[in-house]
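Right, one structure below, let's go through it.
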Amino acid sequence: MNGNVNQLLEVISEDVAMYSDGGGKVEAAQIPIFGAAKVVHLLQSLMKMYAGKFTFKYTAVNGLPGLILTTDEHIQYVYTFAFSDNRNADDLHGC
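Take the sequence shown: its letters are residues 1 to 95, numbered as in the UniProt record's numbering.
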């Protein structure tokens with residue numbers, strides 16, 4: 001992710017849903033986030049909050065395309081992506 005919001009908005013569906021679970025150990029959204037604009041806004045906020053402090057690693061997570069964010073070599077966030085409507089996971093690499 002390089003912060004290209006317009007490119008991200010082009011590849012995600014308007015009805016995207018983002019679910020978080022901090023397992024009671026880390027901060028996470030308490031309710032699902034629905035809609036492209038809201039999800040992108042949250043991702044932008046996280047990027048600003050951790051600017052220069054985290055690294056990204058694209059990898060498979062539970063058999064799905066995923067993204068792991070680490071700070072100081074500690075995992076902070078793990079994302080998985082599920083796709084429909086023939087959207088291509090490779091399109092996310094430019095965002």
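Ideal Cβ positions, reconstructed from N, Cα and C, are used throughout, including at glycine.
Nothing here was measured: the structure is a model prediction, and the numbers come from that model.
For residue i, is the classification buried or exposed, using 16 other Cβ atoms within 10 angstroms of its Cβ as the cut-off for buried?
i	result
V26	exposed
I12	buried
Quick check on the DSSP output: the beta strand (DSSP E) that includes residue i runs from which residue to which?
i	result
K57	T55 to V61
I68	L64 to T71
F26	What sits at residue 26 in the sequence shown is Val, not Phe. First-last for V26: undefined, no H or E at that position.
I75	H74 to T80
Report all residues from its chain with a CB closer than 8 Å to the CB of residue i; omit the five preceding and five following residues, and keep chain order.
i	result
G24	none
G66	Y58, T59, A60, V78, Y79, T80 and F81
Q76	V26, Y50, F54, L69 and T70
Keeping to the same chain, check which residues put their C-beta closer than 7 Å to that of residue i; ignore five residues upstream and five downstream.
i	result
L64	T80, F81 and A82
G22	A28
Which stretch, first to last residue, makes up the alpha helix (DSSP H) that contains residue i?
i	result
V39	A36 to M49
Leaving out the 5 sequence neighbours to the left and right, which residues in its chain are closer than 6 Å to residue i when beta-carbon positions are compared?
i	result
E14	A36
A29	S20
V16	A36 and V39
residue 119	As displayed, the chain neither begins before 1 nor continues past 95, which places residue 119 out of reach and without an answer.
L46	none
Could you tell me which residues DSSP pairs with residue i in its beta bridges?
i	result
I33	M18
- Message: Below 8 Å, how does it come out for the segment 56-70 and the segment 25-43: are there three or more Cβ pairs, yes or no?
- Response: no
- Item | Stretch pair the segment 27-35 + the segment 43-57: three plus CB contacts closer than 8 Å | no
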